[in-house]
Amino acid sequence: MNKKASAQPTTPQYATPSLMRRFAAMVYDTLLLAAISILYGAIATGINIAIKGVPATGERVSWGAFGIIVFIGWILTLGYFFCYFWKKSGQTLGMKTWRMKMYDASSMQLPSYSQCVIRCCYAPFSLLLLGMGYWMIYLNPERQTLHDKLSKTRILLQEKTKK
Numbered sequence: 077m078n079k080k081a082s083a084q085p086t087t088p089q090y091a092t093p094s095l096m097r098r099f100a101a102m103v104y105d106t107l108l109l110a111a112i113s114i115l116y117g118a119i120a121t122g123i124n125i126a127i128k129g130v131p132a133t134g135e136r137v138s139w140g141a142f143g144i145i146v147f148i149g150w151i152l153t154l155g156y157f158f159c160y161f162w163k164k165s166g167q168t169l170g171m172k173t174w175r176m177k178m179y180d181a182s183s184m185q186l187p188s189y190s191q192c193v194i195r196c197c198y199a200p201f202s203l204l205l206l207g208m209g210y211w212m213i214y215l216n217p218e219r220q221t222l223h224d225k226l227s228k229t230r231i232l233l234q235e236k237t238k239k
């Protein structure tokens, strides 16, 4: 056996997912976030009615300052959804369906909680200006989005599992 050939690394090369695959996973996750938002809104409305009472027929529920707290709580709940699944398994349900997984860019391990929070904070900015942060994958040799680059994470395509 050739010694030179056996000394080469045997680590498989992982592909990065296409932009369409990333957007497809976002659609799946958006459906989950819609369900979470409906549940959150129902609970918040129930609490508001329990505190302020049932509004008169035809009147809207008034939120006042409680509405600001509810809004901030809703944003934090949506962020927690992503951070929890990214930290736990490196993927949300949408990412799992489309065979994508998030890793720490340097160690190729699951990301740290701080990386998940940073990624979650910067991801909405990647959608601004027609998704310019996502289009960066075509300009970046490592095919990272803006929020991948800022959080020092990578999204890699997983191999198909045999059924």
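Quick note: the sequence shown uses the working numbering, first residue 77, plus one each step. Glycine included, every Cβ here is placed at the ideal spot set by N, Cα and C. Everything numeric in this text was worked out from a predicted model, so none of it was measured.
- With a cut-off of 8 angstroms on Cβ pairs, the region 197–205 is in contact with the region 222–229, counting three or more such pairs.
- Under the criterion of beta carbons closer than 8 angstroms, W150 and C192 do not qualify as touching, at roughly 19 angstroms.
- Inclusion of G170 and K177 in the CB contact set at 9 angstroms is not warranted, their separation being larger than that value.
- Relative to the Cα of G209, the nearest Cα in the group Q234, F99, N124 belongs to F99.
- The residue among K239, S188, A132 with its C-alpha nearest the C-alpha of D180 is S188.
- Contact check for P93 and L186: beta-carbon distance about 17 angstroms, past the 8 angstroms limit, so the pair fails to qualify.
- Shown here for T168: same chain residues with a beta carbon closer than 6 angstroms to its own, the five before and five after excluded, namely D105, F161 in chain order.
- Between K238 and R175, the C-beta gap is not smaller than 9 angstroms, which leaves the two residues out of contact.
- A101 is positioned such that its CB atom lies closer than 9 angstroms to that of T173.
- Counting along the chain, I145 sits inside the alpha helix (DSSP H) bounded by residues 141–165.
- L108 is positioned such that its CB atom lies closer than 9 angstroms to that of F157.
- Collapsing the DSSP output to three states places R230 in a strand.
- Counting along the chain, the unbroken beta strand (DSSP E) around M178 starts and ends at 176–180.
- Excluding its 5 nearest sequence neighbours in each direction, G155 has C-beta neighbours in its own chain below 7 angstroms: C196, listed in chain order.
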